[in-house]
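In what follows, a structure is listed as structure tokens, so that the remarks can point back to it.
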Amino acid sequence: MASWLAGILNGGRLAVAQQVAQFAEARHGILADNIANIDTPYYKVRDLPVAEFQGMLGKAIREARDAGGPLRLESSANIEVSRRGDSLEFKPVEREEANLLFHDGNNRSIEQEMSELAKNALMHRTAIEILRGQFNALETAIRGKL
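In this note's numbering, the protein residues as written are 2 to 147.
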């Protein structure tokens, strides 16, 4: 791949939006599981480590900006980065909240889960819109149109 094209695809908004979309997609499945198991006895609400991902991504953005290179994420306790750095594997964690523990051992709150699902959907949509805009700009540049 030409170095200029690799620079466009591996750095900047495109790489960040790709990682955010991947995280939001994985988190959506976990949140949907929580909602589906809202009445399951002894089910403990799980989530992906949002703060850990945001910190990891923020660090990678700062390092890429300072070094002038591509975005390079580093693995953390609950997030594994592939060797090539192009995919992430997430380890769900039990969400610790101030929710009451019900008599059936469940720590559910449908309002909390729906709120988290809506926030996650907004994060995913934003990342996808950024990706769409970047690809449209690339297509325009390739076609030579203004």
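All residues carry an ideal CB built from backbone N, CA and C; glycine is no exception.
- [ ] Using three-state DSSP, classify E81 as helix, strand or coil.
- [x] The answer is strand: DSSP assigns E81 an E or B state.
Open item on the list: I'd like the list of long-range same chain contacts for L139, defined as Cβ closer than 6 Å, with 5 residues on each side in sequence excluded.
Closed with: Result list for L139: empty, nothing under 6 Å.
TODO: Measure the Cβ-Cβ separation of M115 and V21 and say whether it is below 8 Å.
DONE: Between M115 and V21, the CB-CB gap reaches or exceeds 8 Å.
Task: As assigned by DSSP and simplified to three states, the class of E90 - done: strand
Open item on the list: Quick check on R109: buried or exposed, where buried means 16 or more other Cβ atoms within 10 Å of its Cβ?
Closed with: By the C-beta density criterion, R109 is buried, having at least 16 other C-beta atoms within 10 angstroms.
Open item on the list: On the criterion of 16 or more Cβ atoms from any shown chain inside 10 Å, does N137 qualify as buried, or is it exposed?
Closed with: exposed
Task: Per-residue DSSP class, three states only, for R73 - done: coil
TODO: With a threshold of 16 other CB atoms inside 10 Å of the CB of I39, please say whether the residue is buried or exposed.
DONE: exposed
Open item on the list: Using C-beta distances below 8 Å, list every residue in its chain close to I129, excluding the 5 sequence neighbours before and after it, in chain order.
Closed with: If we look at I129 and ignore the five residues flanking it on each side, its Cβ neighbours are A18 and A22.
- [ ] Could you tell me how far apart the beta carbons of R126 and P93 are, in whole angstroms, since I believe they sit closer than 8 Å?
- [x] Rounded, the Cβ-Cβ distance is 22 Å, inconsistent with contact.
Open item on the list: Measuring only the C-alpha atoms, how far is H29 from R133?
Closed with: 20 Å
Open item on the list: Less than 7 Å between C-beta atoms, sequence neighbours within five positions excluded: which residues of the same chain meet that for R14?
Closed with: I131 and Q135
- [ ] Can you have a look at A65 and say buried or exposed, based on whether 16 or more other CB atoms are within 10 angstroms of its CB?
- [x] buried
Task: Close Cβ partners of E53 (< 8 Å) along its chain, the five nearest in sequence each way excluded - done: S77, A78, N79 and I80
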